[in-house]
Amino acid sequence: MHKSLNYEGVDIKNYCKAVEACAIKLKLNSTHICIISIYRTPIGIFYFFTNNLDFICNKLYNPTSKLIICGDINIDYLKNTGKKINYKPCYYPIILLVQ
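The numbers in the sequence shown follow my numbering, run straight up by one, and end at 125.
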């Protein structure tokens, strides 16, 4: 992060059992943004991944902020494996950008 940006790191290591993740909170003008970067191994169990992601979102979600989730979740969208991200808990207004 550039030193001119107003940000702080967020400790989420206790929520990362089946994933590797880190997060920051950033303030740009009057907009508050939380960015989560997440990695799931190709052999990781998908159920545990979604549970960990849910725990992380529960810790960081704030309706007055933007929440950006990015990273490598190792799901091949060209294969019909049933592991596509249909993960949209009703309490988070998630918009999926990669389909």
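Cβ atoms here follow ideal geometry from the backbone N, Cα and C, with glycine treated the same way. All values derive from a computational prediction rather than experimental measurement.
According to DSSP, simplified to helix, strand and coil, what is residue i?
i: Gly-70; result: coil
i: Lys-29; result: coil
i: Ile-101; result: coil
i: Tyr-87; result: coil
i: Leu-79; result: helix
Under the assumption that residue i contacts residue j (Cβ atoms under 8 angstroms), give the Cβ distance between them as a whole number of angstroms.
i: Leu-79; j: Ile-69; result: Rounded, the Cβ-Cβ distance is 17 angstroms, inconsistent with contact.
Look at residue i and residue j and say whether their C-beta atoms are less than 9 angstroms apart.
i: Ile-140; j: Lys-92; result: There is simply no residue 140 to check, as the chain begins at 27 and stops at 125 in what is shown.
i: Tyr-10; j: Phe-75; result: Given a span of 27 to 125 for the chain in the structure shown, any question on residue 10 remains unanswerable.
i: Leu-54; j: Leu-86; result: no
i: Cys-83; j: Ile-71; result: no
i: Gly-35; j: Ala-49; result: yes
i: Asn-88; j: Thr-67; result: no
Within the segment 37-68, note down every full beta strand (DSSP E) run reaching 3 residues or more, in order along the chain. 46-54, 57-65
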